[in-house]
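Encoded as structure tokens, the structure appears first; notes follow it.
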């Protein structure tokens, strides 16, 4: 119980906490060598999204899109954008599916938080085709042609840019500030 109390009330620096825990163990008669690993995780509210997350989606792999969806949902929620996670996941899914259906190669999906005056999450999907996407009218019985319509309706801003011999479709979502 004393160890638990010390950990909860101990110093913020994990090195100082480790020193105190080892000293406590020695006071209680520890003649053995002591190895101790102390990790401190920040509370979810303290975490700020940083960096980027990237996932390769191979063509012809039925599980690849499912894995990408799980990665997207987990990342978006961990970055504090839970209120828009369904929209972000749907848009990313449409962009990835379009890349796999209309090109010969894989898709690379990247998620990142953009800095600036407002907090935005950016989804990028790269493919190896230089052909630009085009909107089509799906028609009443059409089963395709709605992807870019959904992207346009669900994102705050989106676009296309050339990348090497291919292209990148990107979409941005304004996120609420964390409380």
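In the numbering used here, the protein residues as written are 10 to 188.
Positions of the beta carbon are idealized from the N, C-alpha and C atoms, including for glycine.
| query | result |
| --- | --- |
| Touching by the beta-carbon criterion (3+ pairs, under 8 Å), the region 69-81 and the region 158-177 | no |
| Contacts around residue 107, its chain only, beta-carbon distance under 7 Å, and the 5 residues preceding and following it disregarded | 142, 156 |
| Inter-residue spacing [alpha-carbon to alpha-carbon] between residue 95 and residue 144 | 22 Å |
| Per DSSP, the bridge partner or partners of residue 167 | 180 |
| Under 8 Å between C-beta atoms of residue 119 and residue 63 | yes |
| Residue 53, DSSP secondary structure in three states | For residue 53, the predicted structure reports a pLDDT of 42, less than 50, and the residue's modelled location is therefore unreliable. The matter cannot be settled from this model. |
| Cα-Cα separation, residue 67 to residue 130 | 24 Å |
| When 20, 98, 24 are compared against residue 86, the one with the closest alpha-carbon | 98 |
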